[in-house]
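Colleague:
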Amino acid sequence: MPVICWFRRDLRLADHRALHAAVAASAGEVIPVFIFDDAILHDGYVGAALTGVTLAMLTALDHDLRQLGSRLIVRHGQPLAELQALVRETQASGVYWNRDYLPYAIKRDTAVKLWLRQAGLQAHSFHDSVLVEPEGLKTKGQQKPYLVFGSYVKRWSELAYAQAEQLVPAPTKLVPPDADLSSLPIPSLADLGFELQQTLPTLGEAAAQQRLSQFFDRRRSLSVLKYDDARELPAEAGTSQLSVDLRMGSISIRQCLQRAVDLLTEPLSAEQRQGVDTWIKELAWRDYYTQLIYHNPQMLKQSLDPRYDQIEWRNDPAEFSAWQQGQTGYPIVDAGQRQLNQMAWMHNRVRMISASFLVKDLLIDWRWGERYFMQQLCDADPTANNGGWQWAAGSSGPSAQPYFRIFNPIAQSKKHDPHGTYIRRFVPELANVPNRYIHEPWTMPQTLQEHLGCVIGRDYPAPLVDHGFARERALAAYREALQQPAEE
Ligand SMILES: Cc1cc2nc3c(=O)[nH]c(=O)nc-3n(C[C@H](O)[C@H](O)[C@H](O)COP(=O)(O)OP(=O)(O)OC[C@H]3O[C@@H](n4cnc5c(N)ncnc54)[C@H](O)[C@@H]3O)c2cc1C
1 MPVICWFRRD LRLADHRALH AAVAASAGEV IPVFIFDDAI LHDGYVGAAL
51 TGVTLAMLTA LDHDLRQLGS RLIVRHGQPL AELQALVRET QASGVYWNRD
101 YLPYAIKRDT AVKLWLRQAG LQAHSFHDSV LVEPEGLKTK GQQKPYLVFG
151 SYVKRWSELA YAQAEQLVPA PTKLVPPDAD LSSLPIPSLA DLGFELQQTL
201 PTLGEAAAQQ RLSQFFDRRR SLSVLKYDDA RELPAEAGTS QLSVDLRMGS
251 ISIRQCLQRA VDLLTEPLSA EQRQGVDTWI KELAWRDYYT QLIYHNPQML
301 KQSLDPRYDQ IEWRNDPAEF SAWQQGQTGY PIVDAGQRQL NQMAWMHNRV
351 RMISASFLVK DLLIDWRWGE RYFMQQLCDA DPTANNGGWQ WAAGSSGPSA
401 QPYFRIFNPI AQSKKHDPHG TYIRRFVPEL ANVPNRYIHE PWTMPQTLQE
451 HLGCVIGRDY PAPLVDHGFA RERALAAYRE ALQQPAEE
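1 is the number of the first residue of the sequence shown in UniProt numbering; add one for each residue after it.
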């Protein structure tokens, strides 16, 4: 009897635990299905970029399944009803899937599991998308969820490393679903009501494997071995760029960690070892935020520390729009926003700078920025994104940026883009501005502005706000909300 493998955010064949188990249970008679769900597609958070990523990865998955003799069955509707129909049509004996830890997914999957059990069918869900599941790691004595990353990561490593030893192979052959089993064509973005302005990277399992190999290629000057320093330089390709693959599962997180752990067994310099260790820690942040939201689902709408919801945000729509478009007059912020608007991706350091600028310099509610990032990012992930925004706002407990530590966008720019290479790449108006002025072009003498054809206020915006003034304003607003004296 066939079984159904329900693909969701795990669009690959290698090291796919649900698929592996489904193949074993049915001698390869697996019905691979993906269901478009309007509740997700039109929830106001999901944007064209992530939807475009999903469509491209589904196309690649269908192609890869066909190489094994099978094909992807695509349906569109309410997942429980669609699965019920598919079970009826195929006489499948059960459904296999990998677990997802967001509140909506948990509710959806619980309903599916309940129905399957009541119908006497098999329901098998698997630990797959994270290294350590949210229920898998709690504080030692009290068994409470972690609220501090530093303590979490200390105990995370052992559990995570054990997972990296448990990869399962991709199937080599699958029994094709019946020829008359219907499948919708993979829709276009327009079919789903989206329009994409950005350019996406090459997507699919093969592309993800290539990104991983490149990042671990020791011959490259910017491999994981240099990560510890290179990750702070947005002008360099010093990070893995695997976030999009990890978001929709075109690569397995266990495989990523396994590569890193394997590399650590080779002779490495202290600096190289540090590069690999730091990268592994980033993978831990991903798990940390997943468990934080799993245990505190109200975070998706509120500040984890509720005092931060008392902040009197200014929420100026014109300033928000200038930030969105990369027209704030702060080159590093504008470069980041324009990178996002063009490439559907932004370097982590600049995400931090730009988020801090929106929340603290402009005093705009972190939820506005969070929603915009969700709609623009190709790796848009409610856990990491919410985590990143609440980190910048200072509202997610002890591991967040403290409210009184306010990034200076000019100092950050000088430190992380010292030659203005990143700025010039995304803000062409500033291409000819000398290094001396690139981080604060409004300080250029008027004659030089005229000479370069880059007059501030005409060719490139004047700063939306003075950072020194904005800093004091933010401190006052935060102090007022938190009703506690500032600690400098
Ligand atoms: C305001 C803000 C919003 C963010 N929104 C998202 C988002 O929607 N989706 C997303 O995947 N990441 C998000 N991040 C985290 C981080 O910026 C991206 O994961 C990273 O830039 C992706 O690039 P990379 O794959 O080259 O990362 P690498 O530096 O190579 O890191 C490897 C992987 O670790 C994970 N990772 C790295 N940093 C973090 C982090 N701080 N939190 C959680 N996971 C992390 C990612 O899966 C990443 O692919 C956000 C950060 C901030 C400050």
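All C-beta atoms in this analysis are idealised placements derived from N, C-alpha and C, irrespective of residue type, glycine included.
Since the model is a prediction, treat every value here as computed from it, not as a measurement.
Please go through the UniProt domain "Photolyase/cryptochrome alpha/beta" (1-131) and give each complete beta strand (DSSP E) segment of 3 or more residues, from N-terminal end onward.
Modeller: As far as the UniProt domain "Photolyase/cryptochrome alpha/beta" (1-131) is concerned, its whole beta strand (DSSP E) runs of at least 3 residues are 3-7, 30-36, 73-76, 94-98 and 122-126.
Colleague: Using a Cβ-Cβ cut-off of 7 Å (strictly less than) and excluding sequence neighbours within five positions of residue 311, which residues of its own chain qualify?
Modeller: On the sequence shown, position 311 is the one that residue 311 refers to. Excluding sequence neighbours, residue 311 sits near 477, 478 and 481.
Colleague: Does ligand 1 have a heavy atom nearer than 7 Å to the CB of residue 387?
Modeller: Here residue 387 refers to the residue found at position 387 of the sequence shown. Within the cutoff, so yes.
Colleague: Just the Cα atoms here: how many angstroms apart are residue 291 and residue 207?
Modeller: Here residue 291 is taken as the residue at index 291 of the sequence shown, counted from 1. Here residue 207 is taken as the residue at index 207 of the sequence shown, counted from 1. The alpha-carbon atoms of residue 291 and residue 207 are separated by roughly 28 Å.
Colleague: I need the DSSP call for residue 311, collapsed to helix, strand or coil.
Modeller: Here residue 311 is taken as the residue at index 311 of the sequence shown, counted from 1. Residue 311 falls in the coil class under three-state DSSP.
Colleague: Once DSSP output is grouped into helix, strand and coil, what is the label at residue 456?
Modeller: Position 456 of the sequence shown, counted from the first residue, corresponds to residue 456. In this structure, residue 456 counts as strand in the three-state DSSP scheme.
Colleague: Is it the case that the CB of residue 6 approaches a heavy atom of ligand 1 more closely than 7 Å?
Modeller: On the sequence shown, position 6 is the one that residue 6 refers to. Answer for residue 6: no, Cβ out of range of ligand 1.
Colleague: Reducing DSSP to helix, strand and coil, say where residue 151 ends up.
Modeller: For the purposes of this step, residue 151 is identified with residue 151 of the sequence shown, where counting begins at 1. Three-state DSSP puts residue 151 in a helix.
Colleague: Mind checking whether the beta-carbon of residue 435 lies closer than 7 Å to any heavy atom of ligand 1?
Modeller: As a working mapping, residue 435 is identified with position 435 in the sequence shown. Not under cutoff, so the answer is no.
Colleague: How about residue 374 and residue 120: do their beta carbons lie closer than 8 Å?
Modeller: For this step, residue 374 is matched to residue 374 along the sequence shown. For this step, residue 120 is matched to residue 120 along the sequence shown. No. Outside cutoff.
Colleague: Any idea what DSSP makes of residue 485, helix, strand or coil?
Modeller: As a first step, residue 485 must be located in the sequence shown, where it is residue number 485. For residue 485, the pLDDT reaches just 44, beneath the cut-off of 50, and the residue's location in the model is therefore unreliable, although a value from the coordinates is still provided. Reduced to three states, the DSSP call for residue 485 is coil.
Colleague: For residue 230, which residues from the same chain have a beta carbon less than 7 Å from its beta carbon, with the 5 sequence-adjacent residues on both sides left out?
Modeller: In the sequence shown, the residue the question calls residue 230 occupies position 230. Correct list, in chain order: 222, 236 and 238.
Colleague: Is any heavy atom in ligand 1 found nearer than 7 Å to the beta carbon of residue 407?
Modeller: Here the question's residue 407 lines up with position 407 in the sequence shown. No - ligand 1 has no heavy atom lying nearer than 7 Å to the Cβ of residue 407.
Colleague: In terms of alpha-carbon separation, which member of 175, 305, 59 and 195 lies closest to residue 184?
Modeller: In the sequence shown, the residue the question calls residue 184 occupies position 184. Answer by Cα proximity: 59.
Colleague: Would the stretch 102-111 and the stretch 187-202 be scored as touching if the rule is three or more Cβ pairs under 8 Å?
Modeller: The stretch 102-111 vs the stretch 187-202: no contact.
Colleague: Once the 5 residues before and after residue 69 are set aside, which same chain residues still bring their CB inside 8 Å of it?
Modeller: Translated into positions along the sequence shown, residue 69 becomes position 69. Counting only Cβ-Cβ distances below 8 Å, and skipping sequence neighbours, we find 173, 174, 175 and 176.
Colleague: Rank 217, 314, 370 and 80 by C-alpha distance to the C-alpha of residue 259 and give the top, closest one.
Modeller: Taking the sequence shown and counting its residues from 1, one reaches residue 259 at position 259. Nearest option by C-alpha distance: 217.
Colleague: What is the DSSP secondary structure of residue 142, reduced to helix, strand or coil?
Modeller: In the sequence shown, residue 142 corresponds to position 142, counting from 1. Three-state DSSP puts residue 142 in coil, outside helix and strand.
Colleague: Got a sec, what are the start and stop residues for the alpha helix (DSSP H) residue 387 sits in?
Modeller: Here residue 387 refers to the residue found at position 387 of the sequence shown. Unbroken alpha helix (DSSP H) run through residue 387: 382-393.
Colleague: Spatial neighbours of residue 368 within its chain, please: C-beta separation below 8 Å, excluding the five flanking residues on both sides.
Modeller: One-based indexing of the sequence shown puts residue 368 at position 368. For residue 368, where only same-chain residues beyond five positions count, the Cβ hits under 8 Å are 315, 320 and 358.
Colleague: Using only alpha-carbon positions, find the residue among 87, 360, 144 and 273 that is nearest to residue 182.
Modeller: For this step, residue 182 is matched to residue 182 along the sequence shown. Answer by Cα proximity: 87.
Colleague: When the Cα atoms are used, what is the spatial distance from residue 351 to residue 338?
Modeller: Here the question's residue 351 lines up with position 351 in the sequence shown. Here the question's residue 338 lines up with position 338 in the sequence shown. C-alpha separation (whole angstroms): 12 Å.
Colleague: Between residue 451 and residue 361, is the Cβ-Cβ spacing less than 8 Å?
Modeller: Position 451 of the sequence shown, counting from 1, holds the residue named residue 451. Position 361 of the sequence shown, counting from 1, holds the residue named residue 361. Not in contact: residue 451 and residue 361 (Cβ atoms no closer than 8 Å).
Colleague: Quick check on residue 148: buried or exposed, where buried means 16 or more other Cβ atoms within 10 Å of its Cβ?
Modeller: Counted from its first residue, the sequence shown places residue 148 at position 148. Residue 148 is exposed by the Cβ-count criterion.
Colleague: Beta-carbon separation of residue 159 and residue 254 under 8 Å?
Modeller: As a first step, residue 159 must be located in the sequence shown, where it is residue number 159. As a first step, residue 254 must be located in the sequence shown, where it is residue number 254. Not closer than 8 Å, so no.
Colleague: Mind checking whether residue 7 and residue 61 have CB atoms under 8 Å apart?
Modeller: Along the sequence shown, read from residue 1 onward, the residue named residue 7 stands at position 7. Along the sequence shown, read from residue 1 onward, the residue named residue 61 stands at position 61. Going by C-beta atoms, residue 7 is nearer than 8 Å to residue 61.
Colleague: What is the rounded straight-line gap between the Cα of residue 376 and the Cα of residue 422?
Modeller: One-based indexing of the sequence shown puts residue 376 at position 376. One-based indexing of the sequence shown puts residue 422 at position 422. Rounded to whole angstroms, residue 376 to residue 422 spans 20 Å at the Cα level.
Colleague: Could you tell me the boundaries of the alpha helix (DSSP H) in which residue 369 lies?
Modeller: Reading the sequence shown from its first residue, position 369 is the one you call residue 369. Residues 366-376.
Colleague: In terms of alpha-carbon separation, which member of 63, 146, 37 and 283 lies closest to residue 304?
Modeller: Walking along the sequence shown from the start, residue 304 turns up at place 304. Comparing Cα-Cα distances from residue 304 to each of 63, 146, 37 and 283, the minimum goes to 146.
Colleague: Of all the options 155, 57 and 330, which has the alpha carbon lying nearest to the alpha carbon of residue 72?
Modeller: Position 72 of the sequence shown holds residue 72. Closest option to residue 72, Cα to Cα, is 57.
Colleague: Helix or strand or just coil, what does DSSP make of residue 216?
Modeller: Locating residue 216 in the sequence shown gives position 216, where the first residue counts as 1. DSSP places residue 216 in coil when its eight states are reduced to three.
Colleague: Nearest by alpha-carbon distance to residue 12: which of 334, 444, 250 and 269 is it?
Modeller: Position 12 of the sequence shown holds residue 12. Out of 334, 444, 250 and 269, 250 has the C-alpha closest to the C-alpha of residue 12.
Colleague: In whole angstroms, what is the alpha-carbon distance linking residue 403 and residue 53?
Modeller: Position 403 of the sequence shown, counted from the first residue, corresponds to residue 403. Position 53 of the sequence shown, counted from the first residue, corresponds to residue 53. Whole-angstrom Cα-Cα distance: 35 Å.
Colleague: Considering only residues of the same chain and omitting the five flanking positions on each side of residue 252, which have a CB-CB separation below 8 Å?
Modeller: Residue mapping note: residue 252 aligns to position 252 of the sequence shown, counting from 1. Same-chain partners within the cutoff: 12, 14, 15, 16, 128 and 167.
Colleague: What residues in its chain sit with their C-beta under 7 Å from that of residue 486, if we drop five residues either side in the sequence?
Modeller: Position 486 of the sequence shown, counted from the start, is the residue given in the question as residue 486. Residue placement at residue 486 cannot be trusted, given a pLDDT of 37 that sits under 50; what the coordinates show is reported in the next sentence. The residues are 404, 475 and 479.
Colleague: Between the Cα of residue 489 and those of 457, 408, 448 and 459, spot the shortest distance and give me the residue it belongs to.
Modeller: What the structure shows of the chain is the stretch from 1 to 488, and residue 489 is not part of that stretch, so it cannot be assessed.
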